[in-house]
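Enquirer: Numbering (the working numbering), first residue to last: 2 to 357. Where is the CB? At the ideal position from N, CA and C, for every residue including glycine. If you're wondering where the values come from, they're calculated on a predicted model, not measured in any experiment. So that we are looking at the same thing, I have put the structure below in structure tokens.
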Amino acid sequence: MKFFKKFLLITIAVFGSIYTAQASVYQVNTIKVEFKRFNSQKIRAYAVDVATKRGFTKLLNNIVPQEYDVKDVIESIDLKKTDVVEKLNINNEINVKGKYYAEIDILYNKEKIKQILQSRRIPFTQESMGTVLLLPILQDQNQEFSLFEDKNKFKDLLVKNLEGSLLITPLLAKGDLQEMTTYNPQNILDENNGANVLELATKYETNRAIIALLQQNTYEDSNINQVTIKYLGFDKMPEEKFIVLGKTLEEATKEVASKIKSLWQENNLLEFNKPKRFVAMIQTKKSLDELYATIDQLESLKTVSSVKIKQITTEYAFVQTDFYGTPQEFLAAAKSKKLGIYQSNNSQWVIERVLD
Numbered sequence: 002m003k004f005f006k007k008f009l010l011i012t013i014a015v016f017g018s019i020y021t022a023q024a025s026v027y028q029v030n031t032i033k034v035e036f037k038r039f040n041s042q043k044i045r046a047y048a049v050d051v052a053t054k055r056g057f058t059k060l061l062n063n064i065v066p067q068e069y070d071v072k073d074v075i076e077s078i079d080l081k082k083t084d085v086v087e088k089l090n091i092n093n094e095i096n097v098k099g100k101y102y103a104e105i106d107i108l109y110n111k112e113k114i115k116q117i118l119q120s121r122r123i124p125f126t127q128e129s130m131g132t133v134l135l136l137p138i139l140q141d142q143n144q145e146f147s148l149f150e151d152k153n154k155f156k157d158l159l160v161k162n163l164e165g166s167l168l169i170t171p172l173l174a175k176g177d178l179q180e181m182t183t184y185n186p187q188n189i190l191d192e193n194n195g196a197n198v199l200e201l202a203t204k205y206e207t208n209r210a211i212i213a214l215l216q217q218n219t220y221e222d223s224n225i226n227q228v229t230i231k232y233l234g235f236d237k238m239p240e241e242k243f244i245v246l247g248k249t250l251e252e253a254t255k256e257v258a259s260k261i262k263s264l265w266q267e268n269n270l271l272e273f274n275k276p277k278r279f280v281a282m283i284q285t286k287k288s289l290d291e292l293y294a295t296i297d298q299l300e301s302l303k304t305v306s307s308v309k310i311k312q313i314t315t316e317y318a319f320v321q322t323d324f325y326g327t328p329q330e331f332l333a334a335a336k337s338k339k340l341g342i343y344q345s346n347n348s349q350w351v352i353e354r355v356l357d
């Protein structure tokens, strides 16, 4: 192993898709591994180990909400002993002097993944959206709409920002003559035309479509991007409207893609023993050091799943702590870490470190 650490030059790129063609598995496709110095007799086994971990990492990063740190899970799991791999295929393998290359598809056992996350009380998204027809519409500052046209950079950017996700397989309509004469931004945005839009989706062998409208404006030399996202063929996916301020089209599109993925996660999250929520004040004493030191001690408690700053001033900060177990267990754990938790005269909960 020291030989590998010292001499291996590894280039790894993970691309893929997650789907449930078999209900019991997750699939991560085309995990590319490349090595330039290696032991030729052991290289295939090593390549599989590297790909398995990289695929597992990508899988967790896609199905677990961003506020949960999966790094500890990834580092603490011996994937060989947990038997998370159901099956793998090695494709396009090259094994010659000075070069090893392969593309590996891996099936991960869904139940084993669930057990790993459940034991750590980490929620996750079980299902992907599958194949979805994207209909990104751009309205520029001159109030002109574009849908299929080349000038609609929004559609290309949105696909680019979604195609690496394991939660969705995005498709764009071809925009051929028939589609351009049948569909335009106005009738796609029409509330009463959903059935016709889904008819277009079926042409691409899917029953789901996402309409994303981005309207560009400026105010006092600052970009204002108004966004509307509509979901057709989805359950419990409400229309979303929001504004992205001061961002370029590229930056605004990243936020649109993030919204699409996060809403799907929120609506399809499998939670285990949902944590209790506690909001308290931490006095900053005009120093962020005290605040961060207190948060570090809170995060060190085994029963705490997350700590977030909700509001901050020069005098105090309100933090939200999510924890498992009873309030009494949380208070006892905090006390053991030299954290004092009490109610002030105005009934506001306060957290402070107990210094020696």
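With a threshold of 16 other CB atoms inside 10 Å of the CB of residue 295, please say whether the residue is buried or exposed.
Expert: Answer is buried; the Cβ neighbour count reaches 16.
Enquirer: I'd like the span of the alpha helix (DSSP H) that includes residue 293, first residue to last.
Expert: Note, residue 293: alpha helix (DSSP H), 289 to 300.
Enquirer: With distances taken between CB atoms, is the gap from residue 261 to residue 214 smaller than 8 Å?
Expert: No, they are not a contact pair.
Enquirer: Let me confirm a value: residue 341 is counted as buried when at least 16 other C-beta atoms fall within 10 Å, else exposed. Which label applies?
Expert: Exposed: under 16 other Cβ atoms inside 10 Å.
Enquirer: Would you say the region 182 to 197 touches the region 109 to 116, given that touching needs at least three Cβ pairs under 8 Å?
Expert: Contact fails: fewer than three Cβ-Cβ distances are below 8 Å.
Enquirer: In the structure shown, what three-state DSSP assignment does residue 324 receive?
Expert: Three-state result, residue 324: strand.
Enquirer: Tell me the DSSP bridge mates of residue 200?
Expert: DSSP lists no partner for residue 200.
Enquirer: Distance, Cα to Cα, residue 212 vs residue 244?
Expert: Those two C-alpha atoms are separated by around 16 Å.
Enquirer: Within the continuous beta strand (DSSP E) that includes residue 106, where are the two ends?
Expert: Residue 106 -> beta strand (DSSP E) spans 100 to 110.
Enquirer: Applying the 10 Å Cβ sphere with the 16-neighbour rule, what's the burial state of residue 28?
Expert: It is buried - the Cβ of residue 28 has at least 16 other Cβ atoms within 10 Å.
Enquirer: Within 10 angstroms of its Cβ, does residue 305 collect 16 or more other Cβ (buried), or is it exposed?
Expert: Its Cβ being crowded by 16 or more others within 10 Å, residue 305 is buried.
Enquirer: For residue 122, does the three-state DSSP call read helix, strand or coil?
Expert: Residue 122: coil per DSSP, three-state reduction.
Enquirer: In chain order, what residues of the same chain have a beta carbon less than 8 Å from the beta carbon of residue 83, not counting five sequence neighbours either side?
Expert: Result list for residue 83: 113 and 117, in chain order.
Enquirer: With C-beta atoms as the reference, is residue 126 less than 8 Å away from residue 266?
Expert: Cβ atoms of residue 126 and residue 266: closer than 8 Å.
Enquirer: If we ignore side chains and look at the alpha-carbon of each, how far apart do residue 290 and residue 338 end up?
Expert: Looking at the two C-alpha atoms, the distance is approximately 18 Å.
Enquirer: Run through DSSP, which three-state label would residue 47 get?
Expert: Correct three-state label for residue 47: helix.
Enquirer: Measuring alpha carbon to alpha carbon, tell me which residue in 172, 142 and 281 is nearest residue 149.
Expert: Minimum Cα distance to residue 149 is reached at 172.
Enquirer: Starting from the Cα of residue 89, find the closest Cα among 202, 257, 293 and 51 and give me that residue.
Expert: The shortest Cα separation from residue 89 among 202, 257, 293 and 51 belongs to 51.
Enquirer: In three-state DSSP terms, what is residue 169?
Expert: If DSSP states are grouped into helix, strand and coil, residue 169 belongs with coil.
Enquirer: Between residue 255 and the rest of its own chain, which residues show a CB-CB distance below 7 Å, the 5 nearest in sequence each way excluded?
Expert: The residues are 162.
Enquirer: Tell me which same chain residues have a C-beta within less than 6 Å of the C-beta of residue 176, skipping the five on either side of it?
Expert: Hits under 6 Å: 149.
Enquirer: What span of residues does the beta strand (DSSP E) with residue 281 cover, start to end?
Expert: 277 to 284 is the span of the beta strand (DSSP E), which, as asked, contains residue 281.
Enquirer: Hey, quick one: how far does the beta strand (DSSP E) through residue 187 stretch, first residue to last?
Expert: Counting along the chain, residue 187 falls outside any beta strand (DSSP E), though it belongs to the alpha helix (DSSP H) covering 186 to 190.
Enquirer: Using a beta-carbon distance below 8 Å, is residue 134 in contact with chain D?
Expert: In the structure shown, chain D cannot be found, because there is only a single protein chain.
Enquirer: If you reduce the DSSP assignment to three classes, tell me which class residue 129 lands in.
Expert: Correct three-state label for residue 129: coil.
Enquirer: Ends of the beta strand (DSSP E) at residue 305?
Expert: Here the beta strand (DSSP E) through residue 305 covers 305 to 313.
Enquirer: Tell me which same chain residues have a C-beta within less than 6 Å of the C-beta of residue 298, skipping the five on either side of it?
Expert: Cβ neighbours of residue 298 beyond the five flanking positions: 338 and 340.
Enquirer: Between the alpha carbons of residue 42 and residue 64, how many angstroms are there, rounded?
Expert: Those two C-alpha atoms are separated by around 35 Å.
Enquirer: In terms of alpha-carbon separation, which member of 226, 257 and 71 lies closest to residue 121?
Expert: Answer by Cα proximity: 71.
Enquirer: Who does residue 229 pair with in a DSSP beta bridge?
Expert: In DSSP, residue 229 forms a bridge with 214 and 242.
Enquirer: Can you find the residues in the same chain that come closer than 6 Å, C-beta to C-beta, to residue 194, ignoring five residues on each side of it along the sequence?
Expert: Around residue 194: 188.
Enquirer: Cβ of residue 205 within 8 Å of Cβ of residue 123?
Expert: Not in contact: residue 205 and residue 123 (Cβ atoms no closer than 8 Å).
Enquirer: Find out if the Cβ-Cβ distance for the pair residue 324, residue 248 is shorter than 8 Å.
Expert: Not in contact: residue 324 and residue 248 (Cβ atoms no closer than 8 Å).
Enquirer: In terms of alpha-carbon separation, which member of 253, 230, 85 and 217 lies closest to residue 264?
Expert: Nearest of 253, 230, 85 and 217 to residue 264, Cα basis: 230.
Enquirer: Is it the case that the Cβ atoms of residue 44 and residue 57 are separated by a distance below 8 Å?
Expert: Taking 8 Å as the Cβ cut-off, residue 44 and residue 57 do not qualify as a contacting pair.
Enquirer: Looking only at its own chain, which residues have a Cβ that is under 6 Å from the Cβ of residue 87, when we skip the five neighbours before and after it?
Expert: Once the five neighbours on either side are set aside, the close Cβ partners of residue 87 are 26, 108 and 110.
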